[in-house]
Structure formats: structure tokens, C-alpha cells
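Asks:
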Amino acid sequence: PMAETYLSLLAESLNSTEKVGALLDDVTLVNTFPTSYIGRQLQQVARFIHLRDELQTERDVFVVSSGGFDTHATFDLSPMFGVIDEALGVFREEMINQTIWDSVTVVAIS
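Numbering (my numbering), first residue to last: 47 to 156.
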């Protein structure tokens, strides 16, 4: 019985993943996101938010990350903040286009 339950849950999870993947493939965003690591992550978040009605989600939490802030050699973080600023700016514009920006909260933790 335990193995059957596990297999059933695994199959259900795989089917769900395939369905979400197919939905994500059909999402077209208005804005072009930067190709930076943080930009690609925020683009994926924007795609999920675009699907909020199809996925029947009332509230979601997404976590993205950006590394490389350990600056022993230099204290010039401006290039790193520029990349984040660019990605967040495009994300904000996309959320405005999706008419959801007023319901989005961005939290930064260091």
C-alpha cells in the first residue's frame, strides 16, 4: 500500500508539472527581460503571475536570489545593483501591464 500511494502521488505530481509547463510555454509577456541571472528568474516569476487565474492561486510567494556580494577586494557594488535595478524595473513594468503591480510586494534580504 505504501508503494502504491507513493507511485500515485509521484504520477500526480509529474502530470501537474507537465500541465504547468505547457501553460508556461504559452505565456507571452509584454516586456523583454534582461538575460542576467536575476532577470531570468524574475521573468519566470512574471510568467507564473500571468497564469494566476489558470492556476487558481489567490496568493503566491516566489524567491529569487542573486549572489556575488562578498566584496573583499572592492567596495564598489554599483555594477551589481545596476543589474538588479534593471531586472526589477522590467519586472515592475510587466506587473503594471498585467494590472497586478499594486498587489505585488518585493522584499530584499541580505
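Quick reminder that beta carbons are idealized off the backbone N, C-alpha and C, glycines included.
If you're wondering where the values come from, they're calculated on a predicted model, not measured in any experiment.
Are the segment 56-66 and the segment 74-85 touching by the rule of at least three beta carbon pairs closer than 8 Å?
Replies: Flag = no, the segment 56-66 and the segment 74-85 do not touch.
Asks: With contact counted as at least three CB pairs below 8 Å, one residue from each stretch, are the segment 105-114 and the segment 60-75 in contact?
Replies: Short answer: they don't touch.
Asks: Short check: CB of V152 to CB of F79, under 7 Å?
Replies: Looking up residue 152 in the sequence shown gives position 106. Looking up residue 79 in the sequence shown gives position 33. No. Outside cutoff.
Asks: Which residue from I142, V76, L69 and F115 puts its Cα closest to that of I130?
Replies: For the purposes of this step, residue 130 is taken as the residue at position 84 of the sequence shown. Of the candidates I142, V76, L69 and F115, the one whose C-alpha sits nearest the C-alpha of I130 is F115.
Asks: Near L97, which residues of its chain fall below 6 Å by C-beta distance, leaving aside the five closest residues on each side in sequence?
Replies: For the purposes of this step, residue 97 is identified with residue 51 of the sequence shown, where counting begins at 1. Only L69 meet the Cβ criterion.
Asks: Suppose you measure from the CA of G67 to the CA of M141; what does that come to, to the nearest Å?
Replies: The residue you call residue 67 lines up with position 21 of the sequence shown. The residue you call residue 141 lines up with position 95 of the sequence shown. Looking at the two C-alpha atoms, the distance is approximately 21 Å.
Asks: For I142, name the three-state secondary structure that DSSP assigns.
Replies: Position 96 of the sequence shown holds residue 142. Helix, per DSSP.
Asks: Specify the secondary structure class of A154 as computed by DSSP and reduced to three states.
Replies: Indexing the sequence shown from 1 puts residue 154 at position 108. In this structure, A154 counts as coil in the three-state DSSP scheme.
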